[in-house]
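Participant:
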Amino acid sequence: DAVIQATGLGKTYAEGSMRTPVFDGLDLIVRKGETVAILGASGAGKSTLLHLLGGLDTPTSGEVYVGGQRMSALSDAERGRLRNRALGFVYQFHHLLPEFTALENVLLPVVLGGVSVPEAERRAKALLESVGLGHRLAHKPGELSGGERQRAAVARALVNRPGCVLGDEPTGNLDEKTAATVFDLMLALNRDQHTSLVLVTHDRRLARKLDRVLELHEGRLRELPPDEV
Ligand code: ADP
Ligand code: ADP
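Just so we're aligned: the sequence shown equals residues 7 to 235 in the UniProt record's numbering.
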């Protein structure tokens, strides 16, 4: 029941003669419905790990399996389709398309998955309602508050019912109270839809709310016992 599995995962960035080894030999299994926090100092490699898990970057060694499919065995187009279907992404900055309304931003991944526009619109609307944005459907990102934009980004990540949502500091750009609200919203959607969550955060209080807390430190991934978080 693994939604994501990484085995022997390693990444070294190489630019000319400059080599930056980030980590090597990481193993990780994210099971269906599980919530996982990834902690670590700045530069520890958290974003790199998340990009590899999401197939946005290629590992130097090791393999990533998403929904049982080996990412390295897929073509770019196949990987793109798998990503759109099986994974959702939330970043520190919302990355919503500024010229499109909240509804259009959320229905886009559904349409890209081959669903008709009216059906995509129905799903996007239902999900925006469930994140408390039912009254903001026609608003463009610039007309939304920071918390509302992030909730729209969460809705966009979840609209294709992915097995797993990968979040890179998804609440890092919000004030403490709004951050907690958006975080709790993701946990509620995790409970309702059994979507696994892998969230990079530096906020230990938020990390404590998740099933497992992993710390990336000097190239190793270590499971922290609850009393150490
Ligand atoms: P974190 O997310 O934990 O802050 P990153 O994954 O962003 O860490 O970065 C890990 C290391 O890899 C850092 O030393 C960073 O400078 C380096 N790095 C990240 N992206 C690149 C890149 N595209 N090219 C070269 N080095 C990179
Ligand atoms: P609920 O969780 O109450 O079903 P949702 O807001 O998740 O409500 O979805 C509204 C409707 O759209 C439901 O009928 C749901 O089954 C359907 N739906 C949403 N997303 C998808 C999807 N990716 N694939 C199939 N059906 C979906």
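Note that the Cβ used here is the ideal one computed from N, Cα and C, for glycine as well.
What does DSSP give as the partner residue(s) for GLN11 in the beta ladder?
Facilitator: Answer is ILE35 and TYR71.
Participant: So the candidates are GLY60, VAL137 and ASN196; which of them puts its Cα closest to the Cα of ASP82?
Facilitator: GLY60
Participant: Are three or more beta carbon pairs between the segment 149-158 and the segment 125-141 nearer than 8 Å?
Facilitator: The segment 149-158 makes contact with the segment 125-141, as at least three CB pairs between them are under 8 Å.
Participant: Assuming the contact rule is C-beta atoms closer than 8 Å, LEU88 and GLY73 should be a hit. Round their C-beta distance to whole Å, please.
Facilitator: 7 Å
Participant: Less than 7 Å between the C-beta atoms of GLY120 and ASN166, yes or no?
Facilitator: no
Participant: Here's a check: name, in chain order, each residue in its chain whose Cβ is nearer than 7 Å to the Cβ of GLN75, leaving out the five neighbours to either side.
Facilitator: LEU88
Participant: Here's the rule: buried if 16 or more other CB atoms are within 10 angstroms of the residue's CB, otherwise exposed. What is LEU103?
Facilitator: exposed
Participant: Do ARG142 and ALA108 have their CB atoms nearer than 7 Å?
Facilitator: Yes, Cβ-Cβ distance for ARG142 and ALA108 is below 7 Å.
Participant: Give every residue of the same chain whose Cβ lies closer than 7 Å to the Cβ of ALA213, excluding the five residues on either side of it in the sequence, and list them in chain order.
Facilitator: ALA43, LEU45, THR207, VAL219 and VAL235
Participant: In three-state DSSP terms, what is VAL137?
Facilitator: coil
Participant: Return the chain-ordered list of same chain residues with a C-beta closer than 6 Å to the C-beta of SER53, the five sequence neighbours on each side being excluded.
Facilitator: ASP174
Participant: Assuming SER202 is part of the beta strand (DSSP E), what are its boundary residues?
Facilitator: 202-206
Participant: If you draw a straight line from the alpha carbon of VAL36 to that of ALA50, how long is it in whole angstroms?
Facilitator: 20 Å
Participant: State the Cα-Cα distance for the pair LEU32 and VAL204, rounded to the nearest angstrom.
Facilitator: 15 Å
Participant: Output the residue ranges of the beta strand (DSSP E) runs that lie fully inside the segment 38-119 and measure 3 residues or longer, sorted by chain position.
Facilitator: 41-45, 67-72 and 93-96
Participant: Got a sec? Which residues, its chain only, sit under 7 Å from VAL96 by beta carbon, not counting five neighbours each side?
Facilitator: ALA159, VAL160, ALA163, VAL171, GLY173 and PRO176
Participant: Just checking ALA20 against ligand 1 - is the residue's beta carbon closer than 6 Å to any of the ligand's heavy atoms?
Facilitator: no
Participant: With DSSP run on the structure shown, which of helix, strand or coil describes ASP174?
Facilitator: strand
Participant: Within the same chain, show all residues whose beta-carbon is closer than 6 Å to that of PRO147, passing over the 5 residues directly before and after it, in chain order.
Facilitator: LEU102, PRO104 and ARG155
Participant: What's the C-alpha gap between LYS215 and GLY138?
Facilitator: 22 Å
Participant: Report yes if the C-beta distance between VAL117 and ALA130 is below 7 Å; otherwise report no.
Facilitator: no
Participant: Compute the minimum distance between the beta carbon of LYS52 and the heavy atoms of ligand 1, and state whether it is under 6 Å.
Facilitator: yes
Participant: Ligand 1 and THR207: does the residue's C-beta get closer than 6 Å to at least one heavy atom of that ligand?
Facilitator: Residue side-chain check: THR207 keeps its Cβ at 6 Å or more from all non-hydrogen atoms of ligand 1.
Participant: Please confirm whether any heavy atom of ligand 1 lies closer than 6 Å to the CB of THR107.
Facilitator: no
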